[in-house]
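For reference, the structure discussed in these notes is given below.
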Amino acid sequence: MSKLGSYKWVSYCLYWMYTRSLAIEINYVKVPNAVKNDSNRAVVLDCNYSIRPDDTELVVQWYLNEDLVYQWIPPNKPQSLGLLKDGVDLAYRATDDPNTVYRAMKIMNPTTNIAGEYKCLVSTLGDHDSRMKNMIVFEPETQLTIKKSMDDKYVNFTCLANDLYPSPKLLLYKGAKNDFHSRMRLSITEWDIKRNPDNRKYTMFIVGTNKISELDPGTLIHCELKIPGTGYVKLKSFLYYPQ
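Letter 213 of the sequence shown, counting from 1, is numbered 196 in this note's numbering, and no numbers are missing.
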């Protein structure tokens, strides 16, 4: 490469670095991983960004599953739309800076119908940036039960979880309650999961089987319920005796 070519290449790189250093940048998006359904506790979704001092026509938008639900165009007040039309505290101020004061969205009482992918989009006349993050709104079970049934050789344990959201995971095992290494999974012979079309909640059951001859009286049987992605875990225990 000639000296002139090298000079042009270096100049281009410096110009690119300079323009990028002045561009809009979303530093981070803060969205809760999981929140409990209808808990009457507000959550704040924050979009921390930096803009150039001379940027004009600032627009801050939040999308839920690609649908616009919040918009702020200074110097106007923010507005909520769609599924969040009446669910956002529009007086909430994230900062005292006039360029970022209404960047965040305070949802007053999250429910399962507003779970999904949230995207913050910040734009000006000459640039834009966006970030996305998922939020799960979960509903704990109304009931978690274990029941046993027996035949001549086997005992069956049925674990049932009612009316929860989103789709759960169930595990049946035997062993000490707080000793992970001693527990042994039961062989699952049957399972099913159904979703109520009216309230979108799930009901699930699994059946675990063990030979009666290999199960001592007084053995603890545990059903563990998890809602993936939320950290929610529930344990139901059953003390086994043949009769």
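Beta carbons: idealized from backbone N, C-alpha and C, even for Gly.
If the criterion is Cβ atoms closer than 8 Å, does the pair residue 184 and residue 147 meet it?
yes
Spatial neighbours of residue 42 within its chain, please: CB distance less than 6 Å, with the 5 preceding and 5 following residues excluded, ordered by chain position.
56, 106
Three-state secondary structure assigned by DSSP to residue 165
helix
Which of helix, strand or coil DSSP assigns to residue 147:
strand
Just checking my contact of residue 230 with residue 6 at CB under 8 Å: how many whole Å lie between their CB atoms?
This structure does not reach residue 230, given that the chain is present from -16 up to 226, and the question cannot be answered.
Neighbour-count burial assignment, residue 86, 16 or more Cβ in a 10 Å radius
buried
For residue 67, name the three-state secondary structure that DSSP assigns.
helix
If we define contact as Cβ-Cβ less than 8 Å, is residue 58 a contact residue for chain C?
Checking the listed chains, one finds no chain C in this structure; it contains a single protein chain.
In the structure shown, what three-state DSSP assignment does residue 186 receive?
strand
Neighbourhood of residue 126 by C-beta distance below 7 Å, restricted to the same chain and skipping five residues each side:
145
Select from 167, 88, 191, 150 the residue whose C-alpha is nearest the C-alpha of residue 76.
88
Own chain residues within Cβ distance below 6 Å of residue 216, not counting five before or after
209
Please go through the same chain and pick out, in chain order, the residues whose beta-carbon is closer than 7 Å to the beta-carbon of residue 52, but skip the five residues on each side of it.
45, 46, 63, 64, 65, 66, 67
Taking the continuous beta strand (DSSP E) assigned at residue 108, which residues delimit it?
Careful: residue 108 lies outside any beta strand (DSSP E) and carries neither H nor E.
Separation of residue 136 from residue 181, as counted between CA atoms
41 Å
Go ahead and label residue 118 buried or exposed: buried means 16 or more other beta carbons lie within 10 angstroms of its beta carbon, across all protein chains shown.
buried
Could you tell me the boundaries of the beta strand (DSSP E) in which residue 207 lies?
203 to 210
Within 10 angstroms of its Cβ, does residue 191 collect 16 or more other Cβ (buried), or is it exposed?
buried
Pull up the distance between the alpha-carbon of residue 157 and that of residue 97, whole angstroms please.
38 Å
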